[in-house]
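Heads up: the structure comes next, in structure tokens.
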Amino acid sequence: MNTRDLERLYRDVEQGKIPFLAQGDEFKWSGCTMCGLCCFDIDILLNPYDILRLRRHLSCTTSDLIQRGLVEIFSGGNSGLPLAMIKFRKVDKKTSLCPFLAPVVDGEKLRELTKGKEKPSPEDLEAARIPKRLACGIYSARPAVCRSSPLGRMSVRSKDGEGTRNLFYQPPTAFCPACQGEGRVKGAKWIEDNGVQPYWDASERFQNIFSTLFENGLVLKEGGDRAVAILWNLAAGILYDFDSLDFVTKEFPQNRVREDGEEDLRLLTQLLQMVEAIATTVPQVKKMVESKVRQ
-9 MNTRDLERLY RDVEQGKIPF LAQGDEFKWS GCTMCGLCCF DIDILLNPYD
41 ILRLRRHLSC TTSDLIQRGL VEIFSGGNSG LPLAMIKFRK VDKKTSLCPF
91 LAPVVDGEKL RELTKGKEKP SPEDLEAARI PKRLACGIYS ARPAVCRSSP
141 LGRMSVRSKD GEGTRNLFYQ PPTAFCPACQ GEGRVKGAKW IEDNGVQPYW
191 DASERFQNIF STLFENGLVL KEGGDRAVAI LWNLAAGILY DFDSLDFVTK
241 EFPQNRVRED GEEDLRLLTQ LLQMVEAIAT TVPQVKKMVE SKVRQ
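Numbering-wise (the numbering used here), the sequence shown opens with residue -9 and increments by one.
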């Protein structure tokens, strides 16, 4: 769903129009039909852990992801916080699709067509396509939003700000055949089978940093301080284009080659600590700017 639909969804959940689920509750799911409809006309926001896993899977750098038009960094319209999302490709004025959406190919048929060849030709791939079947081309490294779907999660902070409660729900998915059948699956099983929890854990750490950025005023707004804008861009680069940093290339030289989840978490920790340190300097920077203006 796009950002506007997401805001409407949150309102519906808060107003009780969409019931909350416990992890032991079941929700509708009859198995993916590979129609690909969930990969059209939506906004897939990314956190640094999503990008860590994505660039490892594709054996490329974060700069490659941005320069190839797969990921874009922007300022959140209402919050002014640095955000990143998968950059969808326009099909026409009304329709866009995920750049990682790929046609499903019949492996046996493709082997027959490519017998004696070094690699399949585009014509071979087209001939081996299974009609009306589309799949995720980065499935094992798909982001948290895709990994948990169609199970949604909303984190709600307590009034005193000391604790967070996670609420689960199934958003309206009239377009999805798998959500319209009689099948059911327990939330806890879905979370385990799809490896969702590590992504949610990383998302929580990321949200905590976002709170720090917002509270310290590290937000990009029209007519804002130039010094804050410089710090904002620095924080955005650390969060989403960290391969452009010298310490990453030196300390994690094989990070994109080895399958090492612990190393990803170690790098994530260092990135978030760096951004937190930058955020704490914003009040001092603002005071310095104000002082110079008065002078």
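All residues carry an ideal CB built from backbone N, CA and C; glycine is no exception.
As the structure is a prediction and not an experimental result, all values here were calculated from the model.
Straight-line Cα distance separating residue j from residue i
| i | j | result |
| --- | --- | --- |
| ASP82 | ASP31 | 11 Å |
| GLN285 | ASP254 | Caution applies to GLN285, whose pLDDT of 49 falls short of 50 and renders its modelled position unreliable; the model cannot decide the point. |
| TYR189 | ALA134 | 5 Å |
| VAL283 | ASP215 | Confidence is the limiting factor: at VAL283 the pLDDT is only 48, short of 50, which leaves the residue's position unreliable and the question unanswerable from this model. |
| ILE8 | PRO161 | 7 Å |
| LEU87 | CYS28 | 9 Å |
| ALA125 | PRO89 | 11 Å |
| ASN156 | GLY173 | 25 Å |
| GLY97 | LEU(-1) | 39 Å |
| ALA267 | PRO112 | 49 Å |
| LEU257 | LYS211 | 29 Å |
| TYR129 | GLN170 | 23 Å |
Residue interval of the beta strand (DSSP E) (run including residue i)
| i | result |
| --- | --- |
| ARG155 | 154 to 159 |
| LEU73 | 72 to 76 |
| GLU62 | 61 to 65 |
| ARG174 | 174 to 176 |
Which listed residue (the options) has its alpha carbon closest to that of residue i
| i | options | result |
| --- | --- | --- |
| ALA226 | MET144, MET24, VAL61, ARG1 | VAL61 |
| THR270 | GLU113, PHE204, LYS176, THR23 | PHE204 |
| LYS80 | ALA12, VAL3, GLY59 | GLY59 |
| VAL175 | LEU157, LEU141, THR51, ASN206 | LEU141 |
| TYR230 | GLU98, THR154, LEU35, ARG143 | LEU35 |
| PHE78 | ASP33, SER53, LEU(-1) | ASP33 |
| LEU274 | ASP2, VAL146, VAL218 | Here residue 274 turns out to be Gln, not Leu, going by the sequence shown. That would be VAL218, whose Cα lies nearest to the Cα of GLN274. |
| ALA131 | LEU208, GLY177, GLN170, ASN184 | ASN184 |
| ARG137 | THR163, GLY26, TRP180, SER111 | TRP180 |
| CYS166 | PHE64, ALA178, THR23 | THR23 |
| GLY177 | ALA168, ASP191, TYR159 | TYR159 |
Residue interval of the alpha helix (DSSP H) (run including residue i)
| i | result |
| --- | --- |
| GLU16 | GLU16 -> not in any alpha helix (DSSP H); beta strand (DSSP E) instead, spanning 16 to 18. |
| ALA192 | 187 to 205 |
| ARG58 | Counting along the chain, ARG58 falls outside any alpha helix (DSSP H), and DSSP gives it neither H nor E. |
| PRO38 | 38 to 47 |
Near the ligand COA: residue i beta-carbon under 6 Å from a heavy atom
| i | result |
| --- | --- |
| PHE64 | Questions concerning the ligand COA fall outside what the structure shown contains, since it holds no ligand whatsoever. |
Quiz item: Where in the segment 79 to 148 do unbroken runs of the alpha helix (DSSP H), each at least 4 residues long, occur, reported from the N-terminal end onward?
Solution: 97 to 103, 112 to 118, 134 to 138
Quiz item: Can we say the segment 68 to 83 touches the segment 34 to 53, given the rule of at least three CB pairs closer than 8 Å?
Solution: yes
Quiz item: Is it a yes or a no for the segment 255 to 267 touching the segment 227 to 244, going by three-plus beta-carbon pairs under 8 Å?
Solution: yes
Practice problem: Tell me, please, whether the segment 84 to 100 touches the segment 117 to 133 by the rule of three or more beta-carbon pairs shorter than 8 Å. | Solution: yes
Exercise. Kindly confirm or deny that the segment 10 to 19 and the segment 96 to 116 touch, where touching means at least three C-beta pairs closer than 8 Å.
Key: no
Quiz item: Considering only residues of the segment 210 to 235, which uninterrupted alpha helix (DSSP H) runs meet the minimum length of 4 residues and lie entirely inside it, listed in chain order?
Solution: 216 to 230
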